[in-house]
Structures are given as C-alpha cells and as structure tokens.
Amino acid sequence: MKFNPKFAKLIKSTRESFLAKRSHTKKLIYWEENHRLRDGPGKALVFIIPTRGCSWAMSQSGGCSICGYLYDNPEQPDFEKIVESFDKIIRESIQDNQVYSIKLFTSGSILDSKEMPRNVLKEILSTLKKYNEIEEVVLESRPEYITEQVLEQIDSNIDISKIEIAIGLESANNKILKDSINKGFLWEDFERVVPRILDKGAKVKAYLLFKPPFISEYDSIVDIMESVEKCVLLDIDTVSINSISIHRGTFLSELFDRRGYRTPWLRSLTYLCKQIKMEFPSLRVICDPVSGGNERGAHNCGDCDRSFIDALKEFTLTQDIVVLNNIQNCSCKSDWKSYLIHEKISNKEVVLP
Ligand code: SF4
Ligand SMILES: [Zn+2]
Numbered sequence: 243m244k245f246n247p248k249f250a251k252l253i254k255s256t257r258e259s260f261l262a263k264r265s266h267t268k269k270l271i272y273w274e275e276n277h278r279l280r281d282g283p284g285k286a287l288v289f290i291i292p293t294r295g296c297s298w299a300m301s302q303s304g305g306c307s308i309c310g311y312l313y314d315n316p317e318q319p320d321f322e323k324i325v326e327s328f329d330k331i332i333r334e335s336i337q338d339n340q341v342y343s344i345k346l347f348t349s350g351s352i353l354d355s356k357e358m359p360r361n362v363l364k365e366i367l368s369t370l371k372k373y374n375e376i377e378e379v380v381l382e383s384r385p386e387y388i389t390e391q392v393l394e395q396i397d398s399n400i401d402i403s404k405i406e407i408a409i410g411l412e413s414a415n416n417k418i419l420k421d422s423i424n425k426g427f428l429w430e431d432f433e434r435v436v437p438r439i440l441d442k443g444a445k446v447k448a449y450l451l452f453k454p455p456f457i458s459e460y461d462s463i464v465d466i467m468e469s470v471e472k473c474v475l476l477d478i479d480t481v482s483i484n485s486i487s488i489h490r491g492t493f494l495s496e497l498f499d500r501r502g503y504r505t506p507w508l509r510s511l512t513y514l515c516k517q518i519k520m521e522f523p524s525l526r527v528i529c530d531p532v533s534g535g536n537e538r539g540a541h542n543c544g545d546c547d548r549s550f551i552d553a554l555k556e557f558t559l560t561q562d563i564v565v566l567n568n569i570q571n572c573s574c575k576s577d578w579k580s581y582l583i584h585e586k587i588s589n590k591e592v593v594l595p
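Per my numbering, numbering through the sequence shown is continuous, rising by one, with the last residue being 595.
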C-alpha cells in the first residue's frame, strides 16, 4: 500500500473541517520575478491557474499532511475566462529583449485531466508556442498523470524541449513519503516516470521538501542529500529545495500549534545549497523559501534572517556558492548547531495511532 490508512484518516479529518472555508477565487493570479533559466538569468512569469485543485487532496486519503493549497481553489473553474486572461497577460508581458520561463501552477497537477481539461492545456501551450522569447515552460504534476499519451499531446502543441515537468517528489525515502507526508506515491513511481519524460525530450525538476513532520532538522538534511543523489543518478538536472512553510488547515499546522514542530532554520538551507553544489556542480539548485524570516517559515534568530534570504535568492540566480560564504556573522550559528544535535536526540519516535 502506498499510504498509511491511519495517518490518512487524521489528515482527512483536518481537511474536512477546513474545506468550508475555501476562498473560491476564480481570478487568474500572476506575477513576474527574476529567475535562473538553464542558460543563465532571465525572467519568470508565474501563473496560479484557478482549477478545482489537487485530486489527491480531495481524495478519501486527505492529501499531503503539509499542503493547504486546496483551500484557494474554486469548486467551479471558469476556463473560458482563464484562457482569455492568460492570452492577454502573455501578450502584454513578453518583451523582445528578455528570455522567459513560464511557470504554470494549478496548486495541483496540470496534467490531471480532471483538473485541467486537455483542450484548455492545448490552447495555453499553443499561445506560448508563438513566442521565441519563451525558453522554458514549467508544468507541475504528480507522476501518475504523466503518461505517454499526455507527453505526446504536449509534443504536438509546443517544442517539447522547452518543457520542464516539475514533480513534488519531496523525498526519495518511502518511509518519509508514507508516514510523514502521506504523498500517495512512492520513489519507484517517480523513478519509473522520469526516463519516460527525458526520452521524449522534456526536462524534469524535482521538488524536495525540507523538514517534513516527525523528521528532525538533522535527519532532513541527510535525507535531502540522499534524495539529491538519487535524482542525479536519474539524470535530473534541476532540484528545488522547498523549505516548509506552514499552511493553515493542515495536519502540520495542528502539530505546530501544539508545539510539536519547529520550522526549519535558514542556516540549514544555506548549508544544504553549498553541500549540494559542491558535490554536484552542474546541477541547477533552486532555493527560495516561502515565508522566509517568519515563524511559520524558515527563519534564524531574526537579526540575520534578511541576509540569509537575500543570499539564497542571489545563489539561486547565479548558482555561485561564493554568495553563501559572504553572509553576515551572527551569534545564532552556535544555537543552530546545538539545535541540530538536541532536536535529533529529543525527537521521540512518533508512533501513529
Ligand atoms: S503537495 Fe501537491 S500532491 Fe500533495 S496535496 Fe498538495 S498539491 Fe496535492
Ligand atoms: Zn542570527
């Protein structure tokens, strides 16, 4: 079985009590940001497409223990309006002298036809096909939706070498996937789908989750390093280290409110980025912590948070570890080191009911 039914039941009960508070926003949200493309710095246009949301989160298994994206998705998406707004934004945003990555996020899986009708995906990709300035198009999806058929459809609508499929692997460790995240798929599912994507000519980005519930900061550092190594062996050229930010209405949020969880240190993220880049210099490493510097996101002592966040942003853009060595000194370094040791020692084995 790919998930732990008792854990799933706990997650589902939290989910149900929050679903009534869904925001039902139907507006296509987008923003522009600086971004590291494969060939160097450029711009990214990030779209949050208001589909009905993640099928795994809506399933009887409750979805992932850390994810509350579903509360922002409408029950009845308006695809006509989405396509119309998308075309207009692309037309008005793309500049001749720039290169772009277009990130298409749905807070779920864009390749799940229950979430995103195939004809709508086709229209969106056909719009993007018209612009030479667009060098990368990122599509987020769980592995089970990445079939030969869907890859062929993408290939017939756009130059597939521009496509990057971003998969929330989170960890290559099946115990973490089952008993900490409730991911609903295993490493083997991911491992099976990656060559299928690469053989078609598209790229893969793996999202790895730093510090899921019940895992100490130290153990998560070890897990990320092991997961990166396994991704590299699959010929993946980009990993994104996603640090936990606590979403309301999730199992993790309840754990946090009961003081059963401390959000990660920014120091651990800079440490990880350095280690990964030294070990795998040609790998593109992305790390831009959401809610960085806040109690519900990665933070240090408060005094040095800004300089760590800026250094991570700069590193993500330049891929140069020198920027991570130039961060201001702060006395919380020793607190971080002792925290790593003490949390690991005091972290009791959590036995699920
Ligand atoms: S993390 Fe991804 S797969 Fe998991 S519930 Fe959220 S959107 Fe779905
Ligand atoms: Zn500090």
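A virtual CB, placed ideally from N, CA and C, is assigned to each residue, including glycine.
Worksheet entry | Within-8 Å CB hit, I466 to chain D | This model lacks chain D altogether, as it is built from one protein chain only.
Fill in: Own chain residues within Cβ distance below 6 Å of V435, not counting five before or after
P385, I388
Item to complete: Could you tell me which residues DSSP pairs with A286 in its beta bridges?
Response: E275, S343
Worksheet item: Is there contact between the stretch 285-297 and the stretch 349-367, where contact requires at least three CB pairs shorter than 8 Å?
Response: yes
Item to complete: Counting only the same chain and skipping the five closest in sequence on each side, list residues whose C-beta sits under 7 Å from that of D477.
Response: L440
Fill in: Same chain, Cβ closer than 7 Å to W273, five either side skipped, listed in chain order
V288
Practice prompt. Give every residue of the same chain whose Cβ lies closer than 6 Å to the Cβ of E406, excluding the five residues on either side of it in the sequence, and list them in chain order.
Written response: E378, V380, K445, K447
Fill in: Contact test: S485 Cβ vs ligand 1 heavy atom, cutoff 7 Å
no
Fill in: In DSSP terms, what S482 is bridged to
Y449, I528
Item to complete: Helix, strand or coil for E412, going by three-state DSSP, please let me know.
Response: strand
Practice prompt. Report the residue from N571, E537, L450 whose alpha carbon sits nearest the alpha carbon of S469.
Written response: L450
Discussion item. If contact is defined by three or more beta carbon pairs under 8 Å, each pair taking one atom from either stretch, is the stretch 303-319 in contact with the stretch 278-286?
Written reply: no
Worksheet entry | Run of the beta strand (DSSP E) containing E317, from where it starts to where it stops | Premise fails: E317 is in no beta strand (DSSP E) and is neither H nor E.
Practice prompt. Determine, using beta-carbon pairs with one atom in the stretch 319-339 and one in the stretch 495-513, whether at least three such pairs fall under 8 Å.
Written response: no
Worksheet entry | Whole-number beta carbon distance between G539 and S485, since they are thought to touch under 8 Å | 7 Å
Discussion item. Within a Cβ cutoff of 7 Å, which residues of the same chain sit near P506, ignoring the five residues on either side of it in sequence?
Written reply: F452, K453, E459, S485, I486, A540
Worksheet entry | Top-ranked residue by Cα proximity to M300, from G426, L554, D479, K555 | G426
Fill in: Beta-carbon contacts of L594 that lie in its chain and below 6 Å, excluding the five residues immediately before and after
Any reading at L594 must be qualified, since the residue scores a pLDDT of 37, below 50, and its modelled position is unreliable; the value itself is stated next. The answer, listed in chain order, is K248, F249.
Discussion item. Using 8 Å as the threshold, is the C-beta distance between L367 and I409 below it?
Written reply: no
Worksheet item: When the Cα of F328 is compared with those of L497, K269, T558, R490, which residue comes out closest?
Response: K269
Practice prompt. For I379, write down the residues that DSSP places opposite it in a beta bridge.
Written response: The question names Ile, yet the displayed sequence has Val at residue 379. For V379, which the question treats as bridged, DSSP gives the partners I344, I405.
Practice prompt. Identify, in the order they occur along the chain, each residue of the same chain with its Cβ nearer than 6 Å to the Cβ of W429, setting aside the five sequence neighbours on each side.
Written response: A414, N416
Worksheet item: Does ligand 2 have a heavy atom nearer than 7 Å to the CB of D545?
Response: yes
Worksheet item: Can A286 be considered in contact with ligand 1, in the sense that its beta carbon sits closer than 7 Å to one or more heavy atoms?
Response: no
Worksheet item: Between the C-alpha atoms of I587 and E556, what's the straight-line distance to the nearest angstrom?
Response: 34 Å
Fill in: Spatially closest choice to L475 from E433, G491, D577, by CA coordinates
E433
Worksheet item: Residue ranges of each alpha helix (DSSP H) run of no fewer than 4 residues wholly in the stretch 347-378, ordered along the chain?
Response: 360-371
Worksheet item: Using CA coordinates, which residue listed in C296, H584, I423 is at the minimum distance from T348?
Response: C296
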